[in-house]
Each structure stands twice: as C-alpha cells, then as structure tokens.
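Colleague:
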Amino acid sequence: MSLRDVLRIAPGAAVNLESIDPNGTPGLPKGRSRDKAWARAQLVAIGERLAVAQEQLFATAKVSQTRPRVLLVLQAMDCGGKDGTVRKVAGTMNPQGLTIVGFGKPTKEELEHDFLWRIRKALPPPGQIGVFNRSHYEDVLVVRVHNLVAKRTWQSRFKRINDFEASLVRDGFTIIKVMLHISYAEQAARLAERLKDPTKYWKFNPADIDERAYWDDYQAAYADALARCSTEDAPWYVVPANRKWYRDWAVATLLDETMGDLGLRYPPADFDVTVEQARLR
Ligand code: AMP
Ligand code: MG
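For the sequence shown, this note's numbering gives the first residue as 2, with consecutive numbering after it.
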C-alpha cells in the first residue's frame, strides 16, 4: 500500500480531523513507527530521487510539446510547519526547477481581483515544481472564519476551486495538496519556542495567539474544504505533523510516489552521439 492510499482524503468522503492523530506516524514500515533516525536517513535517499525526477521533468518539458508540471499545495494552521517542510523537502531539489510562492494577506490590488487572480499568476511554468506556502484555500479558510466575504461567496468557491484545479490538470499539471495537521497543544509549544528564542522573534506574530481562539472554527473550515475539494484530479492528503521528522518523510514520500507515476525519463538524444563525438576536435 502506498503512503498516498494511507493519507488521501477519499473524494466525496466526510472528513473528521479529530479522528486523525497529529502525533501519529501512519505508513512507516513495521518497527519504524518511532524511528526518527531511519526516517531522516530515508529523506536523504528520497531527496536524491526527487532531484532526478525534477531534472527529468524539466528536460521533458524542454524537448516536448507537452506542458508537464507539478504543484504541491501546503496548508496548515499557524506554526504547522509549512516553512520547515519547504526547507526540508523542496530543499532536496535544484532551486532552478522550483517555483516557491507564499501567499499572505492579499494586497489592495489583489483584493480588487477575483481570488484566483494572484494564484494564476504564481503557477509554475512547464517543467517546474511549484510549491504553494498557503494558497487559494485561504479563501475558504481564514476568509470564512473571519467573515471576510459573504457566506454565499465562500461557499461558491469550492466549485470554483475544483473547476480551476481540473483545468490545470488538463493543461499538464499534477497536483498534490497537503494539510500539515498539528494539535492545539503543539501549536502552543511552538509559539512558546518562538517566544524563548530571540532568533525566532521575527516569526512571532501576536495575532497568532488571538487566532487560537478560532481553532475549532478553523478545524471545521479545513474539514469542509478537504471534503469538498479532494478530487481524483487533485487529491488532499492529511499529514500528521507534530513530529517534524515524520512530516518531512511523509511529504517527500507523497511527492516521490506521485512523480514516480509520471513515467519520467531523460529524453534521448535527437542527434547522432557518435557523429558529435567525432566532430569534437
Ligand atoms: P504567514 O504565513 O505567517 O506569513 O501569514 C500569512 C497570513 O496571511 C496568515 O495570517 C493568513 O491567514 C493570511 N492570508 C493568506 N491568504 C489570505 C487571504 N486570501 N485572505 C486573508 N488572509 C489571508
Ligand atoms: Mg504566521
């Protein structure tokens, strides 16, 4: 069984995040479920495969008429580990092949456009792996929790998002959406860490503590978004993320399994290798 089968939200299924243990380590081999050293070593090996796959994707897009690309969407509560995941998982690949974009509070200009406007502009070009640190899903999460638009507006976005993602898949995208699932207590511990460490003050936002009051609303909004927008085309995965070593292994593995399905290879020479060798004097 693949890790994708273990962590995927089945399309159309209801989602109960309370039934998913943020401390869990599902999908690790027998005897390795608490083996941090093993998972860290695996991450190195998986990273080497990802680097090759990414180069093959890049090379394929360069020589073919197709427009293959991958989009990894990362969503999480504050302190959920999105930045760490980008560093550890995307960090295994060639930066030239990556399009990494973070989405914060929309600018005035962005607010004047449809919510997908800034997303479309940030999509990876053919041959690239895009990583979204937050995404269009904020427009059915924070926006819903804080009533930033009318209910009928955010409700209409689930279908908009599904249609949008389906259109991307038709255009050559492979989409993987990951929710990093931490617990309320783990979030407090990570905020406390930030407050203890002067090198982390820049990451601390006093508003994050106020946001904790909305924890249950966020969890409900996540559950709804995952249930409505996990599709065959663009599945959602929930990765238990209290343990960073598991989180990194799991996200890398999801990417590795998904890219493994793309049948990537290095394009053959479109010239005569022997002739070129002979010409080289
Ligand atoms: P950070 O990830 O710490 O840089 O924080 C980014 C902030 O931007 C978070 O508080 C998000 O909730 C907020 N944000 C991201 N997208 C949106 C959006 N579409 N509408 C409102 N707030 C957003
Ligand atoms: Mg923040």
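Just so you know, even glycine gets a beta-carbon here, dropped at the ideal spot from N, CA and C.
Quantities reported herein were computed from a predicted structural model and do not represent experimental measurements.
Classify residue 2 as buried or exposed, calling it buried when 16 or more other Cβ atoms lie within 10 Å of its own Cβ.
Modeller: It is exposed - the Cβ of residue 2 has fewer than 16 other Cβ atoms within 10 Å.
Colleague: So, helix, strand or coil for residue 163, using DSSP?
Modeller: In the structure shown, residue 163 sits in a helix (DSSP, three-state: H, G or I).
Colleague: Taking only runs of the alpha helix (DSSP H) that begin and end inside the region 184–213, which ones reach a length of at least 4 residues, in chain order?
Modeller: Runs found: 185–197, 207–212.
Colleague: Identify, in the order they occur along the chain, each residue of the same chain with its Cβ nearer than 7 angstroms to the Cβ of residue 150, setting aside the five sequence neighbours on each side.
Modeller: Once the five neighbours on either side are set aside, the close Cβ partners of residue 150 are 144.
Colleague: Taking the beta strand (DSSP E) that residue 178 belongs to, which residues open and close that run?
Modeller: Residues 174–182.
Colleague: Could you check if residue 257 belongs to the surroundings of ligand 2, using beta carbon to heavy atom distance under 7 angstroms?
Modeller: No, the beta carbon of residue 257 sits no closer than 7 angstroms to any heavy atom of ligand 2.
Colleague: Which same chain residues end up closer than 6 angstroms to residue 62 when comparing Cβ atoms and leaving out the 5 residues on each side of it in sequence?
Modeller: The answer, listed in chain order, is 69, 127, 128.
Colleague: So which of 273, 213, 84, 73 has the shortest CA-CA distance to residue 166?
Modeller: Cα-wise, what sits closest to residue 166 is 73.
Colleague: Roughly how many angstroms separate the alpha carbons of residue 1 and residue 255, rounded to a whole number?
Modeller: Because residue 1 is not part of the residues shown, which for the chain are 2 to 282, the question remains open.
Colleague: In the DSSP assignment, what are the bridge partners of residue 72?
Modeller: DSSP output for residue 72 lists 131, 176 as bridge partner(s).
Colleague: May I ask you to report which of helix, strand or coil DSSP gives residue 10?
Modeller: Residue 10 falls in the coil class under three-state DSSP.
Colleague: Quick one, are the C-beta atoms of residue 10 and residue 82 less than 8 angstroms apart?
Modeller: No; because the gap between Cβ atoms is not below 8 angstroms, this pair is not in contact.
Colleague: If we call anything under 8 angstroms between Cβ atoms a contact, is residue 75 one with residue 116?
Modeller: Contact: no.
Colleague: Do residue 179 and residue 238 have their C-beta atoms within less than 8 angstroms of each other?
Modeller: In contact: residue 179 and residue 238 (Cβ atoms closer than 8 angstroms).
Colleague: Under the rule that 16 or more other beta-carbon atoms within 10 Å means buried, what is residue 247, buried or exposed?
Modeller: Buried is the call here.
Colleague: Using DSSP's beta-bridge definition, name the partner residues of residue 240.
Modeller: For residue 240, which the question treats as bridged, DSSP gives the partners 181.
Colleague: Look at the Cβ atom of residue 212, then the Cβ atom of residue 201, and state whether they are nearer than 8 angstroms.
Modeller: Not closer than 8 angstroms, so no.
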